[in-house]
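Be aware that the sequence shown starts at 1, since it is given in UniProt numbering, and climbs by one per residue. Quick reminder that beta carbons are idealized off the backbone N, C-alpha and C, glycines included. All remarks here apply to the structure that follows.
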Amino acid sequence: MTQTTGAVDVVLPCLNEAAALPAVLRQLPPGYHAIVVDNGSTDGTAAVAAGLGATVVREPRRGYGAAVHTGIEHAGTDIVCVLDADGSMAPSLLPALVAPVATGRAQLSVGRRIPVSSGVWPWHARAGNAFLAWLLRRRGLAVRDIGPIRAFRRDELLALGITDRGFGYPLELLLRAADAGWSVSEVDIDYLPRAAGTKSKVSGSVLGTLRAARDMAGVLR
């Protein structure tokens, strides 16, 4: 892909996020362009995204990792961000994540979610996240969250060779970054309630969390 100097592509993996997308896309900072990866939505997500000026890519293989990886492959900028499209993290936070990568202080910048209220992050999801972060710290990667918001240089990330195409993708990314000796910056971010009319595929239910745990367990083998 041709790289665009000074711009940042933002990959938004989407499965039925039509209700949240308008607010998310309108809040992107200047110079940040959305690549919405439609992962089999049935609620008009792709049409909403296209109508608001986003680049829309369709990924028929179901899975968070499949959607993210396809979006990164389609990105055309040097630095790329990944952001959930559910409204739980403000797009205005992206420049703070990009800064450590752009200045060379880090090869990977990730958000550490700080819930704004007790009901935002269910206990079962928080517990699983804390355990995985502890395992990563034991491997020398000083992170406290396996979060869904991050910034990196496109070609460097693709060179890591991440293979998981499910919910294990974020964990494999951090494991491979640790093994490659990457410098990682963690930025505190407010974790907000999801947009009305959307539901988390992971923390929205115990079953969703168990599915994510299954995928991540496969990465840890």
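Backbone secondary structure at residue i - three-state DSSP
| i | result |
| --- | --- |
| residue 146 | coil |
| residue 9 | strand |
| residue 19 | coil |
| residue 162 | coil |
| residue 82 | strand |
| residue 153 | strand |
| residue 77 | coil |
| residue 63 | coil |
| residue 137 | helix |
| residue 92 | helix |
| residue 193 | coil |
| residue 4 | Because residue 4 sits at a pLDDT of 45, beneath the cut-off of 50, its placement in the model cannot be relied upon, and the following sentence gives the value as read from the coordinates. Of the three classes helix, strand and coil, the one that applies to residue 4 here is coil, per DSSP. |
| residue 123 | helix |
| residue 131 | helix |
| residue 45 | helix |
| residue 173 | helix |
| residue 26 | helix |
8 Å Cβ cutoff, residue i in contact with chain B
| i | result |
| --- | --- |
| residue 67 | In the structure shown, chain B does not exist; there is a single protein chain. |
For residue i, the nearest candidate out of the options (CA to CA)
| i | options | result |
| --- | --- | --- |
| residue 171 | 130, 11, 102 | 130 |
| residue 15 | 176, 8, 7, 47 | 47 |
| residue 88 | 63, 166, 147 | 147 |
| residue 67 | 180, 136, 13 | 13 |
| residue 120 | 90, 161, 193, 188 | 193 |
| residue 79 | 188, 10, 59, 60 | 10 |
| residue 6 | 50, 49, 65, 99 | 99 |
| residue 186 | 138, 109, 93, 177 | 109 |
| residue 182 | 166, 140, 165 | 140 |
Paired residues, beta bridge with residue i - DSSP
| i | result |
| --- | --- |
| residue 307 | Absent from the structure is residue 307, since the part of the chain shown begins at 1 and ends at 221. |
| residue 38 | 14, 58 |
| residue 33 | 9 |
Alpha-carbon to alpha-carbon, residue j and residue i
| i | j | result |
| --- | --- | --- |
| residue 4 | residue 44 | With a pLDDT of only 45 at residue 4, under 50, the local geometry of the prediction cannot be trusted, and no value is derived from it. |
| residue 112 | residue 32 | 21 Å |
| residue 191 | residue 36 | 21 Å |
| residue 62 | residue 40 | 7 Å |
| residue 128 | residue 162 | 21 Å |
| residue 60 | residue 118 | 35 Å |
| residue 8 | residue 124 | 34 Å |
| residue 65 | residue 82 | 11 Å |
| residue 203 | residue 122 | With a pLDDT of only 49 at residue 203, under the threshold of 50, the placement of this residue in the model should not be trusted; the figure read from the coordinates follows. Answer to the nearest angstrom: the Cα atoms are 6 Å apart. |
| residue 169 | residue 104 | 24 Å |
Beta-carbon contacts of residue i that lie in its chain and below 8 Å, excluding the five residues immediately before and after
| i | result |
| --- | --- |
| residue 57 | 35, 36, 37, 38, 70, 71, 74 |
| residue 222 | For residue 222 there is no data in the structure shown, the boundaries of the chain being 1 and 221. |
| residue 114 | 188, 189, 190, 191 |
| residue 223 | With the chain represented from 1 up to 221, any question about residue 223 goes unanswered, as that position is not in the structure. |
Sequence-distant residues of its chain with Cβ nearer than 7 Å to residue i (five each side left out)
| i | result |
| --- | --- |
| residue 195 | 19, 20, 23, 86, 87 |
| residue 2 | Residue placement at residue 2 cannot be trusted, given a pLDDT of 41 that sits under 50; what the coordinates show is reported in the next sentence. Closer than 7 Å at Cβ, skipping near neighbours: 76. |
| residue 42 | 16 |
Neighbourhood of residue i by C-beta, 6 Å cutoff - its chain only, sequence neighbours within 5 removed
| i | result |
| --- | --- |
| residue 52 | 25 |
| residue 136 | 143, 174 |
| residue 50 | 56 |
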